[in-house]
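Take a look at the structure set out below.
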Amino acid sequence: MKCNSCGGPGEKFIRFVSDGMVKEINYCTDCLRRSLREAPVFSKEGIKYIAAHIEIVQDTDLREISPDGSGTSDVIFSIAPVAVLRILFDKDNVSQTDLNEAAKRRIYVLQHRLEEALKQEDYKTANKIKKQINDIRERILEK
Numbered sequence: 001m002k003c004n005s006c007g008g009p010g011e012k013f014i015r016f017v018s019d020g021m022v023k024e025i026n027y028c029t030d031c032l033r034r035s036l037r038e039a040p041v042f043s044k045e046g047i048k049y050i051a052a053h054i055e056i057v058q059d060t061d062l063r064e065i066s067p068d069g070s071g072t073s074d075v076i077f078s079i080a081p082v083a084v085l086r087i088l089f090d091k092d093n094v095s096q097t098d099l100n101e102a103a104k105r106r107i108y109v110l111q112h113r114l115e116e117a118l119k120q121e122d123y124k125t126a127n128k129i130k131k132q133i134n135d136i137r138e139r140i141l142e143k
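Take the UniProt record's numbering: the last position of the sequence shown gets the number 143, and nothing is skipped along the way.
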């Protein structure tokens, strides 16, 4: 395998899941060292926060932590990534960009739920979801 950075022989290989897809990165030793030196500095509190919650993220059935027991992951997919990034990079305040990102993620999840409701011909639920989407767009995205 080739190094993704310089095209030389890749010695270090990393596989991870990003946006639901498995991705692979290959680096030679020199390029890996260079990219680690150039990487942003994480706050110690952010790393401790992620380490403390890693078992919850990896090993918990969503139905166990969902308030209604349904196992929906709306909050996890829409809000948690923005919160984790804020903590990890030591940001003290919520910016409009953070709010927009959380809103876009929430709308994405709601649109999926809307499609499912329409497939099941549950028009009452679909109407509620559509109102939620419009409310988010009016309040947050159009500021």
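In this text, a Cβ means the ideal position worked out from N, Cα and C, and glycines have one as well.
Take the Cβ of residue i as the centre, count every other Cβ of all protein chains shown within 10 Å, and call the residue buried at 16 or more, exposed below.
i: isoleucine 129; result: buried
i: leucine 114; result: buried
i: glycine 7; result: exposed
i: alanine 39; result: exposed
i: tyrosine 27; result: buried
i: isoleucine 107; result: buried
i: arginine 105; result: buried
What would DSSP say about residue i, mapped onto helix, strand or coil?
i: asparagine 4; result: coil
i: valine 109; result: helix
i: glutamate 24; result: strand
i: phenylalanine 77; result: Bear in mind that the predicted position of phenylalanine 77 carries a pLDDT of just 49, short of 50, making it too unreliable to give a figure here.
From what residue to what residue does the alpha helix (DSSP H) around residue i run?
i: alanine 132; result: As written in the sequence, residue 132 is glutamine, which differs from the alanine given in the question. Counting along the chain, the alpha helix (DSSP H) containing glutamine 132 begins and ends at 123-136.
i: arginine 139; result: That residue, arginine 139, is in no alpha helix (DSSP H); it is neither H nor E in DSSP.
i: glutamate 38; result: 29-38
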